[in-house]
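A.B. asks:
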Ligand code: SDX
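In our numbering, the protein residues as written are 3 to 431.
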C-alpha cells in the first residue's frame, strides 16, 4: 500500500499515513489515525480537499468536465435514458432489464399519492409562502406518517422509504404550486410517465382536459436526469450527516431541501433568471460583468463557477441544447436566452473568469427552460429538489450500508478565549 510520510508526531518522528486509491480520480490520504499519532487535526473549511466517504454512485472530473453515474456519462443518459431508469441506476448500481424497469415504474407510479391528511398541512402556510419553505415542512412531516417503515437498518424499510420519497416529491411540489395559485390540488394519474404526471399535476384544472406537450415532458424528464445526483455536494453532504445519526429518512431529505435552497447551491437557478431580468438588455451586460469582478461588490454572476468544475459543466451543455429545443417548440423568441448567450460569450472571453476557470454551471440555462414552460421562478429550486431526491436517497442508502460509516462529528481549530473565572454582574463594566 502507498504511504504518505509526515514529520512531527508527538515525539518528533516521521509518521506514515496510508494512501487509498479508488477506481477513478485522486487517491486519498487516510488521516483517521492522524490525531492519535500527532495530536493534530486536519483543517479544511468548506471541505475543498476532503473526502468524506467512499462512494460508487457518481464520479466528477472537474478539470475535464466529466460526470458519470455508476460509470455512464451524463450526456448519454440525458440523450438515451429517462429519469426513472436513471433513478433505478443510482439506487441499484446497474441499468434495469426491461422487466426490472417495468416493475420499478409500476412501484413508483403506485406510490405517487400522498396521505389525504397531507392536504391539510398546506393550510398552515400563507398562500404566498416560498414553495421551498413548504417543501421543507411537508416532506419533513412525512416522518409523522410512516411509522411502519423507519427501521433504517432494515433493507426493506430503506427501500420503501426510497420509493415513497421518489414517488411523492412531484405530488408534494405540484400541491405547493396549486396552493400558491389558489387552484385545487390535482391527483396523480397512473397512466402518465413521471414527468408527464408532474406537468399534469402542475397545470391541469378540473374545468378542461390538459394536453401534455411531448417536447415539454421530454425536456422536464431531461432536466430531472441532469439534476439527479452530483457526488458530495452541500445538500447531499447534509443528508449523509443527518442520516449518520440514524435520523428518520424523511427528516434527512427535508434537511437536504433546506440546504439546496441557498443561492450558492440549488437556489442559483432562481437567481440566474432574476439576474437576467435585472440585466434586461445586452447593452447592460458589461456593467454587470464589471460588478461581478468587483471585490467590493457582493454581486456574483449567478449560474457561473463551481467548486469542482473548472471546465464547462457537462450538464450545462445539454441544458443549453434543451433550451433551444423547448423555445423553438414554443415559438418563443426569448430575449433572456439572447442575453444569457451573450453573457456567456463575454464572460468566457474575460480574463477574470478565464483565470478563475469560471464556466456556466447546471443552473445557468435550466431556469430559462422552466420559465418558457410556464413554471414560476420561485418553483425552480423545487424542481431541482424533485430531481435530487433520488441522489440524496441513493447516497443516504449507501452511507447506511457502508460498514466504515459512523456518526459524522468534525473537529475544529479553536480560536476563542482560554479558561477564565466567572465575573459577577455587579463587577462587569
Ligand atoms: C450547484 O457542489 C455541487 O456539485 C453543486 C451543484 C450540484 O449539482 O449539486 O453542481 C449545483 O450548486 C451549482 C453552483 C450554483 N451556484 C451559483 O451559480 C452561484 C454563483 N457561483 C458562486 O457562488 C461560486 O462559484 C460557487 C459557490 C458555485 C463555488 O464557489 P467556491 O468553489 O467556494 O469558489 P470561490 O468562492 O472560492 O471563488 C473562487 C474565485 C473567487 O475570486 P478570488 O477570491 O479568487 O478573487 O472565483 C470568484 C470568487 O470571488 N467567483 C466568482 C463567481 N464564482 C466564483 N466571481 C463572480 N461570479 C461568480 N459566479
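Note that beta-carbon positions come from the ideal geometry of N, C-alpha and C, so glycine has one too.
Looking at the structure shown, is residue 66 part of a helix, part of a strand, or coil, going by DSSP?
C.D. replies: Here residue 66 is taken as the residue at index 64 of the chain shown, counted from 1. DSSP places residue 66 in coil when its eight states are reduced to three.
A.B. asks: What do you reckon, is the C-beta of residue 224 under 7 angstroms from a heavy atom of the ligand SDX?
C.D. replies: Here residue 224 refers to the residue found at position 222 when the chain shown is read from its first residue. Answer for residue 224: no, Cβ out of range of the ligand SDX.
A.B. asks: Does residue 1 come out as helix, strand or coil in the three-state DSSP assignment?
C.D. replies: There is no way to answer for residue 1, as the model of the chain reaches only from 3 to 431.
A.B. asks: For the ligand SDX, I want to know if residue 303 counts as a neighbour, meaning its beta carbon is within less than 7 angstroms of at least one of the ligand's heavy atoms.
C.D. replies: Translated into the one-based positions of the chain shown, residue 303 becomes position 301. Correct: residue 303 has its Cβ closer than 7 angstroms to the ligand SDX.
A.B. asks: Between residue 46 and the ligand SDX, is there a pair consisting of the residue's CB and a ligand heavy atom that are separated by less than 7 angstroms?
C.D. replies: On the chain shown, residue 46 is found 44 positions in, with the first residue counted as 1. Outside the cutoff, so no.
A.B. asks: Does the stretch 251 to 261 come within contact of the stretch 150 to 168, defined as at least 3 CB pairs closer than 8 angstroms?
C.D. replies: They touch, by the three-pair rule.
A.B. asks: With DSSP as the reference, label residue 71 as helix, strand or coil.
C.D. replies: Within the chain shown, the letter at position 69 stands for residue 71. Residue 71: strand per DSSP, three-state reduction.
A.B. asks: Exposed or buried, what is residue 147 when buried is set at 16 or more other beta-carbons lying within 10 Å of its beta-carbon?
C.D. replies: As a position in the chain shown, residue 147 is number 145, starting the count at 1. It is exposed - the Cβ of residue 147 has fewer than 16 other Cβ atoms within 10 Å.
A.B. asks: Establish whether the CB of residue 193 and some CB of chain D are separated by less than 8 angstroms.
C.D. replies: Reference to chain D is not applicable here, since this structure consists of a single protein chain.
A.B. asks: What does a CB cutoff of less than 6 angstroms around residue 390 pick up in its chain, not counting 5 residues either side in sequence?
C.D. replies: Residue numbering aside, residue 390 sits at position 388 when the chain shown is read from its first letter. 229.
A.B. asks: How is residue 312 classed by DSSP in three states: helix, strand or coil?
C.D. replies: For the purposes of this step, residue 312 is identified with residue 310 of the chain shown, where counting begins at 1. Coil, per DSSP.
A.B. asks: What is the C-beta distance between residue 169 and residue 117, in whole angstroms, given that I count them as a contact (C-beta under 8 angstroms)?
C.D. replies: Residue numbering aside, residue 169 sits at position 167 when the chain shown is read from its first letter. Residue numbering aside, residue 117 sits at position 115 when the chain shown is read from its first letter. Residue 169 to residue 117, Cβ: 13 angstroms. No contact.
A.B. asks: For the beta strand (DSSP E) containing residue 16, list its first residue and its last residue.
C.D. replies: Translated into the one-based positions of the chain shown, residue 16 becomes position 14. Segment 16 to 22, the beta strand (DSSP E) holding residue 16.
A.B. asks: Mark residue 429 as exposed unless 16 or more other C-beta atoms lie within 10 angstroms of its C-beta, in which case mark it buried.
C.D. replies: In the chain shown, the residue the question calls residue 429 occupies position 427. Classification for residue 429: exposed.
A.B. asks: Spatial neighbours of residue 237 within its chain, please: C-beta separation below 6 angstroms, excluding the five flanking residues on both sides.
C.D. replies: In the chain shown, counting from the first residue as 1, residue 237 sits at position 235. For residue 237, where only same-chain residues beyond five positions count, the Cβ hits under 6 angstroms are 258, 261 and 262.
A.B. asks: Inspect the beta-carbon positions of residue 409 and residue 246 and report whether they are closer than 8 angstroms.
C.D. replies: Locating residue 409 in the chain shown gives position 407, counting from the first residue. Locating residue 246 in the chain shown gives position 244, counting from the first residue. Against a cut-off of 8 angstroms, the Cβ pair of residue 246 and residue 409 comes out as a contact.
A.B. asks: Which ranges would you report for the alpha helix (DSSP H) in the stretch 339 to 382 if only whole runs of at least 4 residues count?
C.D. replies: DSSP runs (the alpha helix (DSSP H)) wholly in the stretch 339 to 382: 353 to 357 and 365 to 374.
A.B. asks: For residue 297, does the three-state DSSP call read helix, strand or coil?
C.D. replies: Taking the first residue of the chain shown as position 1, residue 297 is located at position 295. Reduced to three states, the DSSP call for residue 297 is coil.
A.B. asks: In chain order, what residues of the same chain lie with their CB nearer than 6 angstroms to the CB of residue 172, ignoring the 5 residues before and after it?
C.D. replies: Along the chain shown, one-based indexing puts residue 172 at 170. Around residue 172: 200 and 388.
A.B. asks: For the ligand ZN, I want to know if residue 79 counts as a neighbour, meaning its beta carbon is within less than 7 angstroms of at least one of the ligand's heavy atoms.
C.D. replies: Here the bound small molecules are the ligand SDX; the ligand ZN is not part of this structure.
A.B. asks: Is there at least one non-hydrogen atom of the ligand SDX closer than 7 angstroms to the beta-carbon of residue 232?
C.D. replies: In the chain shown, residue 232 corresponds to position 230, counting from 1. Flag set: Cβ of residue 232 near the ligand SDX.
A.B. asks: Kindly indicate which three-state DSSP category residue 61 falls into: helix, strand or coil?
C.D. replies: The residue you call residue 61 lines up with position 59 of the chain shown. Three-state DSSP puts residue 61 in a strand.
A.B. asks: Identify, in the order they occur along the chain, each residue of the same chain with its Cβ nearer than 8 angstroms to the Cβ of residue 32, setting aside the five sequence neighbours on each side.
C.D. replies: Start at 1 with the first residue of the chain shown, and residue 32 comes out as number 30. Once the five neighbours on either side are set aside, the close Cβ partners of residue 32 are 19, 20, 21 and 22.
A.B. asks: Across the stretch 372 to 389 and the stretch 213 to 228, are there enough close Cβ pairs to call them in contact, namely three or more that are closer than 8 angstroms?
C.D. replies: Yes: at least three Cβ pairs fall under 8 angstroms.
A.B. asks: Identify every residue that forms a DSSP beta bridge with residue 30.
C.D. replies: Within the chain shown, residue 30 is the residue found at index 28, counting from 1. Residue 30 is bridged to 22.
A.B. asks: If distances are taken between C-alpha atoms only, which option among 139, 115, 312 and 110 comes closest to residue 124?
C.D. replies: In the chain shown, residue 124 corresponds to position 122, counting from 1. Measuring from the Cα of residue 124, the nearest candidate turns out to be 139.
A.B. asks: Going along the chain, which residues of its own chain have a beta-carbon closer than 6 angstroms to the beta-carbon of residue 375, five neighbours each way excluded?
C.D. replies: To locate residue 375, count along the chain shown from 1; it is residue 373. Result list for residue 375: 218, in chain order.
A.B. asks: Would DSSP call residue 431 helix, strand or coil?
C.D. replies: Here residue 431 refers to the residue found at position 429 of the chain shown. Residue 431: coil per DSSP, three-state reduction.
A.B. asks: Run through DSSP, which three-state label would residue 306 get?
C.D. replies: Numbered from 1 along the chain shown, position 304 holds the residue referred to as residue 306. Strand at residue 306.
A.B. asks: How about the stretch 126 to 140 and the stretch 64 to 84: do they share at least three Cβ pairs that are nearer than 8 angstroms?
C.D. replies: Too few Cβ pairs lie closer than 8 angstroms, so no.
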